[in-house]
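Let me begin by presenting the structure, written as structure tokens, before commenting on it.
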């Protein structure tokens, strides 16, 4: 519990830490939200096992590295990387400093950079940290349920996963990732920057990801998997001003997609044998209803549930907030449609050493998740439990059809992982087929 302190200190903490401070009060049981262990199996094809029983998945026959992106199976990936924002960086994924001290896996989750800064932490103030070792996209902490730790069963020799946790990397140019501090070595190939906008992706590629791949001596012949998740900060920043007079081209769907295109094309120039999984926009607006009346998210000493610091558009109360949330959803849909156009163009190139695939962010079904899906610190960022379920959900859909990818990722008490099959392949060209089918329907 927080001890009574002066209003001045409370205000200073809010301004410095940005995420609002919340009490860790008892919350409703997640049982009413959980689906049966067969829910993934009922929705998706294949054999499913819990993470603890991955070893029961059938082993796959060894084969030579594929010559074309259309022949890639997930176990062909030797390099794991990520671009994105605070979600990919796993900001606030664990709840407090106490978590890092008492968690049974804490010895695997504390980087030197985080240890060096402990002297600056204040008593009873939650630790503001990026827990990249448990990030759904690149986490490699022991027993963390992440894409690399699932892939490790099929290919133990991975380059690029992240371990540990540390304070957020700061940048001089907020959102544009200009003048950023150094990543600790534990970050691996996770280039994400908390607070990043889509405009910052190019900097993540040029200033960090490409140099780090060179440092890691990544081979051209190795197949690389890059998770690209961006857009939450864009819709929060530009939900009301998509055609800002200050930055005329900032925030529009076309510019958002163009920012992704520039970053990926820059990466393609330097990195062959590349598959980029682009994650669409989650419905950030759903966080408002999820957190509105739950004591888990009450701000200490204040009579209202939200401090709209991280995303005004999502967290404003009343009719004004209803309008901004509607605009966020509309903007997110427009962003997705613009990105799909870019992916369709890449598909038409039929490049044997490159492909971009699409995972709809709306499959992350926040509206039907329990409150524990959100960080205990700010009730905004995904918790470790969310990272686990997103990792499993994305993995399970990696080789499936676009129809399957759009199916909601269920909240399971024990996430069930799909075993790879011999004939599984990353499906290339799904967006072009989608456009063609829609065109035929209009005829």
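Residue numbers (mature numbering (1 follows the signal peptide of the UniProt record, and there is no 0)): -24 to -1, 1 to 419. Note that beta-carbon positions come from the ideal geometry of N, C-alpha and C, so glycine has one too. From a predicted model like this one, the values you see are computed outputs, not experimental measurements.
Are there 16 or more other CB atoms within 10 angstroms of the CB of residue 21, so buried, or fewer, so exposed? exposed
Counting C-beta neighbours from all protein chains within 10 Å, is the total for residue 296 16 or more, i.e. buried, or is it exposed? By the C-beta density criterion, residue 296 is exposed, having fewer than 16 other C-beta atoms within 10 angstroms.
Reference residue 508; option with closest CA among 146, 201, 339: Nothing about residue 508 can be read from this structure; the chain reaches only from -24 to 419.
For residue 316, which three-state DSSP category applies? helix
Using 8 Å as the threshold, is the C-beta distance between residue 251 and residue 45 below it? yes
Separation of residue 102 from residue 410, as counted between CA atoms: 46 Å
If we count the other Cβ atoms within 10 Å of its Cβ and call it buried at 16 or more, is residue 166 buried or exposed? buried
Assuming residue 342 and residue 263 form a contact by the criterion Cβ under 8 Å, report the distance between their Cβ atoms to the nearest whole angstrom. The Cβ separation is near 6 Å, so the contact holds.
So does the region 226 to 237 actually touch the region 165 to 182, counting three or more Cβ pairs closer than 8 Å? yes
Grouping DSSP H, G and I as helix and E and B as strand, with all else coil, what is residue 192? In the three-state DSSP reduction, residue 192 falls in the coil class, being neither helix nor strand.
Give me the Cα-Cα distance between residue 268 and residue 259, rounded to the nearest whole angstrom. 16 Å
Does residue 394 have its Cβ less than 8 Å from a Cβ in chain B? The chain inventory of the structure shown lacks chain B, comprising one protein chain alone.
Going by beta carbon distance, what residues of the same chain come within less than 6 Å of residue 406, once the five residues before and after it are set aside? 378
Based on Cα-Cα distance, which residue from 403, 414, 396, 404 lies nearest to residue 23? 396
Between the C-alpha atoms of residue 51 and residue 294, what's the straight-line distance to the nearest angstrom? 49 Å
Alpha carbon to alpha carbon, how far is residue 126 from residue 43? 24 Å
Residue 63: which of 105, 39, 41, 371 sits nearest, CA to CA? Closest by alpha carbon: 105.
Do residue 60 and residue 254 have their C-beta atoms closer together than 8 Å? No; because the gap between Cβ atoms is not below 8 Å, this pair is not in contact.
Buried or exposed: where does residue 249 fall if 16 or more other Cβ atoms within 10 Å of its Cβ makes it buried? buried
Is the beta carbon of residue 210 less than 8 Å from the beta carbon of residue 41? no
Fully enclosed by the region 376 to 406, which beta strand (DSSP E) runs are 3 residues long or longer? 392 to 394
Which residues DSSP lists as bridging residue 450, in chain order: Given a span of -24 to 419 for the chain in the structure shown, any question on residue 450 remains unanswerable.
According to DSSP, simplified to helix, strand and coil, what is residue 46? If DSSP states are grouped into helix, strand and coil, residue 46 belongs with the helices.
Assuming residue 161 and residue 144 are in contact, meaning their beta carbons sit under 8 Å apart, how far apart are those beta carbons, in whole angstroms? The C-beta separation of residue 161 from residue 144 comes to about 17 Å, leaving the pair out of contact by the 8 Å criterion.
Given that a residue counts as buried once 16 or more other Cβ atoms are within 10 Å of its Cβ, and exposed if not, what is residue 187? exposed
Between residue 190 and residue 334, what straight-line distance do the alpha-carbon atoms span, to the nearest angstrom? 27 Å
Locate the alpha helix (DSSP H) running through residue 233, then write down its first and last residues. 229 to 246
Just verifying my parser: in three-state terms, what is the DSSP assignment at residue 54? Assignment of residue 54 by DSSP, reduced to helix, strand and coil, places it in the strand class.
By the 10 Å Cβ neighbour count, where 16 or more other Cβ atoms means buried, how is residue 373 classified, buried or exposed? buried
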